[in-house]
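Shown next, in structure tokens, is the structure this report addresses.
Numbering (this note's numbering), first residue to last: 1215 to 1419.
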């Protein structure tokens, strides 16, 4: 029984990889190439596969969890007429020791109703920024390993769900993002059917 299960798992993995490759090859046939790129004999399917699998941006983000640094932060919120409603400009310093990190606010200037009376955020955008880039208390045991990382929204809700959706948007561009009305399914640009809605071009100029 264990052998059969293992064979089935291998079969599913191979099928998924084959589907992934065939999708990239199908999309590659829709890409316009500049004359310079044509002359360079670029392997378009392989190039697109590298883009799809690239994790360097996510790696850079994960590095922020294990390094000490000083950051300049600026968040500004606008009303429907484009006027500034609230903002915060701050400088923070992260310190790392013995596998743990802490953060202190060195200085901060606030305008408008950025915080409420209990110094809680009045704006959801600020909550998301905080969740991504600020540390409260001491956080330990993090790494910058990205291999095998999967962003999943299943079983999550509220802020945690939105964080995962943003991670998929930022760190896995071109993939389908569940739970985003109207556009979530249209972001999967490596799907051959959706790729027809876009114009792709590769140029070195």
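Just so you know, even glycine gets a beta-carbon here, dropped at the ideal spot from N, CA and C. These numbers were taken from a predicted model, which means no experiment stands behind them.
Measure the alpha-carbon distance for residue i versus residue j and round it to whole angstroms.
{"i": "residue 1320", "j": "residue 1300", "result": "20 Å"}
{"i": "residue 1329", "j": "residue 1336", "result": "5 Å"}
{"i": "residue 1265", "j": "residue 1272", "result": "13 Å"}
{"i": "residue 1315", "j": "residue 1282", "result": "8 Å"}
{"i": "residue 1317", "j": "residue 1296", "result": "32 Å"}
{"i": "residue 1284", "j": "residue 1348", "result": "12 Å"}
{"i": "residue 1287", "j": "residue 1305", "result": "6 Å"}
{"i": "residue 1263", "j": "residue 1270", "result": "14 Å"}
{"i": "residue 1374", "j": "residue 1345", "result": "9 Å"}
{"i": "residue 1290", "j": "residue 1298", "result": "7 Å"}
{"i": "residue 1334", "j": "residue 1386", "result": "31 Å"}
{"i": "residue 1405", "j": "residue 1362", "result": "22 Å"}
{"i": "residue 1352", "j": "residue 1279", "result": "12 Å"}
{"i": "residue 1410", "j": "residue 1260", "result": "20 Å"}
{"i": "residue 1331", "j": "residue 1292", "result": "20 Å"}
{"i": "residue 1355", "j": "residue 1327", "result": "35 Å"}
{"i": "residue 1276", "j": "residue 1268", "result": "14 Å"}
{"i": "residue 1371", "j": "residue 1339", "result": "16 Å"}
{"i": "residue 1383", "j": "residue 1376", "result": "10 Å"}
{"i": "residue 1392", "j": "residue 1350", "result": "29 Å"}
{"i": "residue 1324", "j": "residue 1294", "result": "20 Å"}
{"i": "residue 1369", "j": "residue 1342", "result": "19 Å"}
In the DSSP assignment, what residue or residues form a beta bridge with residue i?
{"i": "residue 1196", "result": "Beyond the ends of the chain as shown, which are 1215 and 1419, falls residue 1196; an answer cannot be given."}
{"i": "residue 1285", "result": "1306"}
{"i": "residue 1323", "result": "1303"}
{"i": "residue 1353", "result": "1315"}
{"i": "residue 1329", "result": "1335"}
Taking all protein chains shown into account, do 16 or more other C-beta atoms lie within 10 angstroms of the C-beta of residue i, making it buried, or fewer, making it exposed?
{"i": "residue 1308", "result": "buried"}
{"i": "residue 1359", "result": "exposed"}
{"i": "residue 1367", "result": "buried"}
{"i": "residue 1302", "result": "buried"}
{"i": "residue 1312", "result": "exposed"}
{"i": "residue 1421", "result": "Any property of residue 1421 remains undetermined from this structure, which presents the chain solely from 1215 to 1419."}
{"i": "residue 1407", "result": "exposed"}
{"i": "residue 1378", "result": "buried"}
{"i": "residue 1217", "result": "Caution applies to residue 1217, whose pLDDT of 40 falls short of 50 and renders its modelled position unreliable; the model cannot decide the point."}
Could you tell me how far apart the beta carbons of residue i and residue j are, in whole angstroms, since I believe they sit closer than 8 Å?
{"i": "residue 1365", "j": "residue 1381", "result": "5 Å"}
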